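Heads up, the thing below is written out as structure tokens.
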Amino acid sequence: MSTLILGAGPIGLASAFELASRGENVTVISQSRHVGESSYVNAGWIVPIMSAPVPAPGALRNSIPWLMDSRSPLKIAPELSPGHISFMLSMLKFSTQKHFVKGLAALSELGRGTLTEFDGYIEKGVEFEIHRSGILMAFTSQAELDSHAIEFEGVEKYGMAPVSVLNSSQMQAREPLLSEIVKYGIDCSDQYFVDPTSLISGLRKKCIELGVEFIDQSEQITLVTKGSKAHVEAGSRTFSGDRVLVAAGVGSRALLENIGIRIPIRFGKGYCFDFVGEKRIKNSLYLSSAKVAVTPNQNYVRFAGTMEFGGNGLSINEKRARGILKSSARYFKEDIFRNAEPKSGLRPMTPDGLPVIGKISGVSNLYISSGHAMLGVTLAANSARAITDLILDGTSAIDISSFNPERFSRSVAR
Ligand SMILES: Cc1cc2nc3c(=O)[nH]c(=O)nc-3n(C[C@H](O)[C@H](O)[C@H](O)COP(=O)(O)OP(=O)(O)OC[C@H]3O[C@@H](n4cnc5c(N)ncnc54)[C@H](O)[C@@H]3O)c2cc1C
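Under full-length UniProt numbering, the letters of the sequence shown match residues 1 to 414, in that order.
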């Protein structure tokens with residue numbers, strides 16, 4: 001049997017790898033533009049321990065000071081489109097304690113065993129740069145430290161090692177470049193990070209070895225239905241498969257809208273800066289008040305952050321992007337920021353902060369795996385296993401009931 005996959009980011013490629021490994025005939029069709037895709041600009045963290053959904057209690061209250069500051073890590077553009085407005089209102093509606101706790105449990109469950117899955121990729125010959133040295137979170141106050149407590153309660157029940165709290169001298173010992181503003185830390189010792197570009201090229205290479213065909217398309221790619229089945233049109237060509245999987249990140253919404261299916265996936269833009277040859281930072285760091293992830297890859301250190309809702313796609317807001325460096329600088333004793341240009345990427349966000357994984361009803365051969373927000377790398381391998389089980393066996397061993405696409409037919413946001 002054959003599956004067409006739309007999208008060659010971590011979700012599409014991990015799904016292609018899983019399906020092809022189980023004998024499926026797979027073709028991956030994607031838009032051939034690499035600049036600005038979150039697949040390439042993300043921080044590469046594999047962090048099942050950080051499974052908190054984006055809509056969190058107190059989100060509005062905590063965000064107000066940031067919304068007034070053009071360099072802050074959060075922006076909500078004053079866009080007048082009904083889709084944007086209803087998306088943001090819906091996200092606000094989901095910012096309750098009850099939803100947060102439920103979402104955290106669902107995402108933690110989806111992330112269960114993901115580190116082993118990434119170890120498995122290496123064992124199966126997928127070549128990419130992986131670091132198993134954990135993530136160190138840096139806090140400037142007790143209040144900041146305390147605000148993360150709920151995320152780490154009971155992580156053992158999802159198969160993860162408990163975190164440990166560090167004081168300022170322990171943080172200094174671990175990362176001598178940190179300045180005296182760092183008063184506390186949390187050591188998430190058993191988490192990983194990868195060089196995201198190497199992951200994409202490694203998965204793609206392995207997929208090709210397994211016989212997956214790649215079609216990189218510069219022209220518009222459209223989903224159409226004929227009878228009860230979905231097909232794909234790209235330029236002058238039509239592609240058909242026994243099944244079609246939409247894994248096109250933020251592009252998923254427009255693809256589905258074309259056949260009358262409305263799933264509220266909108267972008268949350270982020271930026272990164274890379275410092276090639278920078279070797280002074282030893283650990284992968286989370287700079288809590290700056291909301292910045294720092295990853296010391298083999299050849300470069302990446303600083304990634306910000307979340308912009310609405311406005312103009314991949315365009316780079318220099319001031320906000322450079323806010324990443326401005327807010328990060330005070331965490332270090334030395335100036336580590338030489339000239340670097342920001343790159344942007346669009347995270348596929350949903351109003352309830354949960355991905356959309358499952359069969360689309362009303363079209364006999366259509367599936368979706370998208371909306372992974374800030375966790376698309378972390379959750380790629382397990383999402384791929386879940387959707388592969390669903391496609392090939394009709395049911396998934398991983399519980400994906402919370403990610404059912406049908407939940408939006410009852411929701412207000414489109
Ligand atoms: C600054 C930043 C930092 C991040 N850090 C992390 C992190 O540390 N850890 C983590 O887990 N996640 C992180 N993320 C999130 C992560 O990058 C995303 O969740 C992930 O890339 C989503 O994967 P995806 O495959 O669904 O979509 P994408 O990676 O966006 O890929 C989408 C694919 O679909 C293709 N496409 C688009 N439109 C169409 C179309 N119409 N037809 C066919 N193909 C199409 C694109 O060409 C691309 O190949 C970060 C994101 C950003 C922006």
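Every residue gets a Cβ at the ideal spot worked out from N, C-alpha and C, and that includes glycine. In this text the structure is predicted, and so the values were computed from the model without any measurement.
Buried or exposed (CB count within 10 angstroms, at least 16 for buried), residue i
i	result
Gln31	buried
Glu341	exposed
Asn312	exposed
Met1	exposed
Arg347	buried
Thr378	buried
Ser370	buried
Asp195	buried
Val412	Summary for Val412: the model assigns pLDDT 42, below 50, so the residue's position carries little reliability; its value from the coordinates is reported in the next sentence. When all chains shown are included, Val412 counts as exposed.
Gln191	buried
Asn317	buried
Leu80	exposed
Gly103	buried
Pro82	exposed
Ile263	buried
Ala149	exposed
Ile122	exposed
Pro78	exposed
Val54	buried
Lys226	exposed
Glu18	buried
Asp352	buried
Pro176	exposed
Residues bridged to residue i (per DSSP)
i	result
Leu74	Met307
Asp274	Arg302
Ala138	Gly185 and Leu287
Asp216	Ser30
Asn25	Ser2
Val224	His231
Ile46	Tyr192
Residue i to residue j span [Cα, whole Å]
i	j	result
Cys272	Lys343	5 Å
Ala8	Met88	28 Å
Leu13	Phe214	10 Å
Leu136	Asn404	34 Å
Ile46	Leu375	8 Å
Pro65	Ile368	36 Å
Gly310	Ser86	12 Å
Leu255	Phe193	31 Å
Phe275	Tyr331	16 Å
Phe100	Phe152	13 Å
Ala373	Ile181	30 Å
Ala329	Asp393	51 Å
Val294	Ile49	17 Å
Val26	Ala20	6 Å
Phe118	Phe239	31 Å
Ser164	Cys188	7 Å
Ile186	Gly113	21 Å
Gly305	Ile391	35 Å
Val244	Glu24	12 Å
residue 454	Phe303	With the chain covering 1 to 414 only, the question about residue 454 has no answer from this structure.
Ala230	Lys279	49 Å
Arg266	Asp242	28 Å
Gly125	Pro296	24 Å
Phe139	Leu287	7 Å
Val174	Lys333	In the sequence as presented, Val is not what sits at residue 174; that position holds Arg. Taking the straight line joining both Cα atoms gives about 14 Å.
Val28	Ile5	5 Å
Ala16	Ile221	18 Å
Lys319	Leu210	44 Å
Ala106	Met171	32 Å
Gly134	Gly111	16 Å
Leu285	Asn167	15 Å
Lys183	Thr395	48 Å
Leu354	Asn339	36 Å
Lys291	Ser401	30 Å
Any beta strand (DSSP E) of 3 or more consecutive residues that is wholly inside the region 155-209:
164-167, 184-188 and 192-194
Alpha helix (DSSP H) segments (min. 4 residues) lying fully within the region 76-132:
82-93, 97-111 and 114-123
In the region 227-296, which residue ranges form an unbroken alpha helix (DSSP H) of at least 4 residues, counting only runs that do not cross its ends?
252-257
Enumerated in chain order, which unbroken segments of the alpha helix (DSSP H) with a length of 4 residues or greater are wholly contained in the region 330-399?
380-393
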